[in-house]
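**Q**
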Amino acid sequence: MLSPEVLYPYSIPVARETVVKSGSLTSLPVRIHRHDSLADVGAKCLTGDWGRIMGDGQEKKSNGSPSVAGNWGSFIWPECLPDRLGLLSYLLDAGCLHDDVCEEMPIVAAHAEHLDLYEAMNFSDSRVLDLGSQSTKIKDLVSTVILECMRVDRVCALRMLEAYRKRWQAIIETRDTDKIESLEEYLESRANNGSMGAYYAMLEFSLGIVITQEEYSLLAAPMRHWKRCMLLTNDYWSWLRARQQTKNQLVGRVVNTIWFLIKQNPTYTDEQAKSKVAEMVVAEEAKWVQSKNRLYAENPKLRDDLVKFLENLHTALAGNDYWSSQRYRHNDWTHVPTQPEPDHPRIHELAGFGRTLVVEESRILARPSSSSSPSHSLGASASSSSGWASSSSQGDLSSPLSSASSTFDNVDRDRLKHKVTKATTTTAATAEEVISAPIRYIQSMPSKGFRAALVDCYNMWLDVPQPFFGQSLDLHWTFNRECPTKTQYFNMIEQKTGAFLSLVAELMMVVSAASDYESSTDSPENIFQTFSYQSGLYFQVRDDYLNITSADYADKKGFAEDLDEQKFSYILVHLAHSRPDLMVQVEGIFKAMRSGKTENAETKKYLVSLLHKSGAVEATKELLVRWQDDIVKEIDVLENHFGKPNPSLRLLMQTLWIDA
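Just so you know, we're using UniProt numbering here: the sequence shown kicks off at 1 and counts up by one.
Shown next, in the form of structure tokens:
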């Protein structure tokens with residue numbers, strides 16, 4: 001077992017008599033982060049940003065993590081690295097305020113609101129949103145804090161984002177609790193209707209550690225009791241608030257274990273049901289302790305990070321109960337929260353505050369290092385660029401263009417996979433589809449003025465056919481086995497991927513200028529050209545790189561799919577010009593694959609080994625890392641031009657980065 005100095009580097013104990021006096025149910029020791037003020041600063045920063053960005057007044061009504069006993073974050077992340085506590089508190093209160101907004105809505109509207117946040121936390125979200133919409137605002141708010149988290153610890157921040165989105169928002173508010181008949185089934189539904197998956201990832205971030213799925217499976221038994229105890233504790237302390245909530249949403253809807261017990265036992269009074277839940281809390285807490293100790297006994301060599309994780313869960317269980325007994329949200333939800341001063345700390349300062357405290361105390365702890373396809377990234381990048389265009393909510397401008405471009409991209413795949421023989425018929429059908437796609441899209445617009453603006457867009461599209469020329473070059477090289485130079489390859493990407501990005505951005509600017517539903521007659525300044533060129537190169541070469549190196553890519557699209565298509569990726573182009581002797585060998589293998597004389601799976605593994613041996617894979621990685629810096633600088637230029645930040649675009653690019 002680890003020593004107390006290792007387990008509790010940042011927390012201090014709360015006196016037992018204070019805990020008992022509060023009416024808390026826990027028998028476990030309660031600890032609070034010694035830098036509780038950092039959590040409060042994060043909460044104040046969120047309050048100020050919510051008022052400035054969201055503008056719905058919710059920050060003046062909602063009580064988030066602060067309480068008379070301390071900040072919630074300081075109790076549930078008691079050993080959080082100081083540079084992360086303010087950021088976690090910011091995220092925590094963003095969730096609290098969002099929940100409060102939903103509690104004031106009918107259940108159907110609340111469900112839609114949760115799904116909206118779910119999409120906002122999807123970094124590849126390709127929706128084109130109006131600048132003034134709540135969706136745009138919440139996306140900017142979330143993107144900004146996730147970006148700051150990524151600057152601190154990119155790996156843990158991405159895990160946190162994925163968990164927060166998939167394990168909470170994707171399942172929250174989806175279970176019809178009125179149809180549940182047993183208490184056990186209800187508790188399982190409550191487990192799915194909570195943010196525990198998100199909390200685990202946030203705890204990892206707080207400690208700077210990563211727990212694998214295999215390790216989570218190992219911890220499953222004790223964590224089941226921990227989760228049930230947390231949920232029951234929340235239901236016990238939030239009963240009065242939950243009862244009030246039903247008046248705002250749907251009468252009879254089960255939102256709390258106490259409510260469920262009363263529904264199942266009509267003779268129960270509120271106090272009887274509440275007392276029953278208190279007994280369940282105590283029982284689950286005891287089961288948690290027993291199960292955790294059993295795990296330690298059965299796994300005496302459990303790695304240190306797992307022990308830290310479990311002991312932080314242990315402390316958080318007690319701290320959550322104590323804080324809940326003192327929180328405004330449960331006991332005085334009409335309390336008017338303190339509003340921050342106009343010069344309140346900004347989000348980019350939160351991590352720095354924590355680092356300053358660490359330096360001052362000379363307690364720097366050793367922490368672990370932070371350990372999609374081009375078309376998919378293109379759509380998301382084009383969508384993120386709309387943060388500078390006041391685009392109407394009448395559709396996604398990139399959709400018809402992307403569909404048309406991907407039609408060309410699929411021609412070669414059809415040839416390889418389906419052996420199309422009626423080339424003339426196929427080409428005619430393809431041409432008709434490409435030409436008619438934007439026309440059908442324009443005709444679907446309900447407004448005559450808006451259709452006129454899109455006609456201008458269509459004319460621009462006809463004047464800029466580079467994306468399709470680029471696709472044609474790509475197909476030509478592959479079919480004729482002509483390896484381009486690096487310059488030719490980059491020019492092809494500029495015509496294909498870069499031109500698409502630039503085109504979509506310009507179309508958005510045209511539509512933005514037509515926000516008064518009058519057709520724009522001026523061609524928009526091509527301010528996105530450099531960014532489009534740089535990011536277009538990055539998206540394509542990144543896809544080439546991941547096609548060879550990424551296990552996730554292989555799971556989704558197949559192992560080394562480019563080698564099946566025998567297309568000239570950047571890695572092959574580099575190989576051809578740096579090691580022509582190996583390229584001759586590669587072309588011979590490709591010829592054997594086309595004749596069906598080889599087993600493709602094993603052959604591709606050998607080809608991948610050649611690419612690594614030649615240094616082409618490493619050279620591609622180094623190029624991508626250099627381009628990442630160039631793209632960040634170009635986003636700086638665009639933000640300066642438009643006079644406003646675009647956190648959604650920055651977050652998108654950050655999530656696509658290749659680790660140096």
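Every residue, glycine too, gets a C-beta built ideally from N, C-alpha and C.
Excluding the 5 residues preceding and the 5 following residue 146 in the sequence, name in chain order all residues of the same chain whose CB lies nearer than 7 Å to its CB.
**A** 157, 161 and 651, listed in sequence order.
**Q** Based on Cα-Cα distance, which residue from 289, 232 and 491 lies nearest to residue 257?
**A** For residue 257, the nearest C-alpha among the options comes from 232.
**Q** Please state whether the Cβ-Cβ distance between residue 2 and residue 304 is less than 9 Å.
**A** Yes, they are a contact pair.
**Q** Check residue 67 in the structure and name its three-state DSSP category.
**A** Residue 67 falls in the strand class under three-state DSSP.
**Q** If you pair each beta-carbon of the stretch 56-67 with each one of the stretch 301-317, do three or more pairs fall below 8 Å?
**A** As far as the Cβ criterion goes, the stretch 56-67 does not touch the stretch 301-317, which means the pair count is below three.
**Q** In whole angstroms, what is the alpha-carbon distance linking residue 560 and residue 574?
**A** Distance between the alpha carbons of residue 560 and residue 574: 17 Å.
**Q** To the nearest angstrom, report how far apart residue 217 and residue 289 are at their CA atoms.
**A** If I take the Cα positions, the gap works out to 18 Å.
**Q** Secondary structure at residue 291, three-state DSSP: helix, strand or coil?
**A** Helix at residue 291.
**Q** Would residue 537 and residue 497 be called neighbours here (beta carbons separated by less than 9 Å)?
**A** Yes.
**Q** Under the three-state reduction of DSSP, which class applies to residue 13: helix, strand or coil?
**A** Correct three-state label for residue 13: strand.
**Q** Residue 611 to residue 569, Cα distance in whole Å?
**A** Their backbone Cα atoms lie some 11 Å apart in a straight line.
**Q** Residues in its own chain within less than 7 Å of residue 421 by CB, not counting five upstream and five downstream?
**A** No answer about residue 421 holds up, because its pLDDT of 38 lies below 50 and its placement is not dependable.
**Q** Pull up the distance between the alpha-carbon of residue 622 and that of residue 204, whole angstroms please.
**A** The straight-line gap from Cα to Cα measures roughly 29 Å.
**Q** Does the distance from the C-beta atom of residue 679 to that of residue 350 stay below 9 Å?
**A** In the structure displayed, the chain extends from 1 to 660; residue 679 sits before or after that span and is not available.
**Q** How would you label residue 109, buried or exposed, when you count the other beta carbons within 10 angstroms and need 16 or more for buried?
**A** So residue 109 ends up on the exposed side.
**Q** Quick check on DSSP: helix, strand or coil for residue 442?
**A** Bear in mind that a pLDDT of 48 at residue 442, under 50, signals an unreliable position, so the number given afterwards is only what the model happens to contain. Residue 442 falls in the helix class under three-state DSSP.
**Q** How many Å lie between residue 515 and residue 11 at the Cα?
**A** The pLDDT assigned to residue 515 is 48, lower than 50, so where the model puts this residue is not dependable; a value taken from the coordinates is nonetheless given after this. Cα-Cα distance, rounded: 54 Å.
**Q** Where does residue 262 fall in DSSP's three states?
**A** Three-state DSSP puts residue 262 in a helix.
**Q** State buried or exposed for residue 17, treating a residue as buried only when at least 16 other CB atoms are found within 10 Å of its CB.
**A** Its Cβ having fewer than 16 others within 10 Å, residue 17 is exposed.
**Q** Just to confirm my understanding: we take residue 28, look at its own chain, exclude 5 residues before and 5 after, and list those with CB closer than 8 Å. What are they?
**A** 285, 289, 314, 315, 317 and 318, listed in sequence order.
**Q** Looking at C-alpha atoms only, which residue of 48, 324 and 585 is the closest neighbour of residue 343?
**A** Of 48, 324 and 585, the residue nearest in Cα terms is 48.
**Q** So, does the stretch 644-659 touch the stretch 138-153, judging by three or more C-beta pairs under 8 Å?
**A** Touching, yes.
**Q** What are the boundary residues of the beta strand (DSSP E) that residue 180 is part of?
**A** It is not in any beta strand (DSSP E) - residue 180 carries neither H nor E in the DSSP assignment.
**Q** Tell me, please, which residues DSSP counts as bridged to residue 32.
**A** Paired residues: 12.
**Q** Alpha helix (DSSP H) containing residue 222: first to last residue?
**A** Taken as a continuous stretch (DSSP letters only), the alpha helix (DSSP H) holding residue 222 covers 220-237.
**Q** Leaving out five residues on either side along the sequence, give the residues of the same chain with a beta carbon under 6 Å from the beta carbon of residue 325.
**A** Cβ within range, chain order: 22, 23 and 24.
**Q** Between which residues of its own chain and residue 26 is the CB-CB distance below 6 Å, once the five residues before and five after are set aside?
**A** Result list for residue 26: 318 and 321, in chain order.
**Q** In this structure, does DSSP put residue 159 in helix, strand or coil?
**A** DSSP places residue 159 in helix when its eight states are reduced to three.
**Q** Where residue 544 and residue 653 are concerned, what is the direct C-alpha to C-alpha distance, given to the nearest angstrom?
**A** Those two C-alpha atoms are separated by around 17 Å.
**Q** How many angstroms separate the CA atom of residue 483 from the CA atom of residue 472?
**A** One C-alpha to the other measures close to 14 Å.
**Q** Between the Cα of residue 39 and those of 72, 541, 312 and 495, spot the shortest distance and give me the residue it belongs to.
**A** Nearest of 72, 541, 312 and 495 to residue 39, Cα basis: 72.
**Q** Give the straight-line distance between the Cα atoms of residue 283 and residue 92, rounded to the nearest whole angstrom.
**A** Those two C-alpha atoms are separated by around 28 Å.
**Q** Taking all protein chains shown into account, decide if residue 20 is buried (16 or more other Cβ within 10 angstroms of its Cβ) or exposed.
**A** With fewer than 16 other Cβ atoms within 10 Å, it is exposed.
**Q** Quick one: using the 10 Å Cβ neighbour count with 16 as the cut-off for buried, is residue 213 buried or exposed?
**A** Classification of residue 213: exposed, given that the 10 Å Cβ count is below 16.
**Q** Would you give the residue range spanned by the alpha helix (DSSP H) that residue 485 belongs to?
**A** No alpha helix (DSSP H) contains residue 485, which DSSP labels as neither H nor E.
**Q** Is residue 579 helix, strand or coil when you go by DSSP?
**A** Note: residue 579 maps to coil in three-state DSSP.
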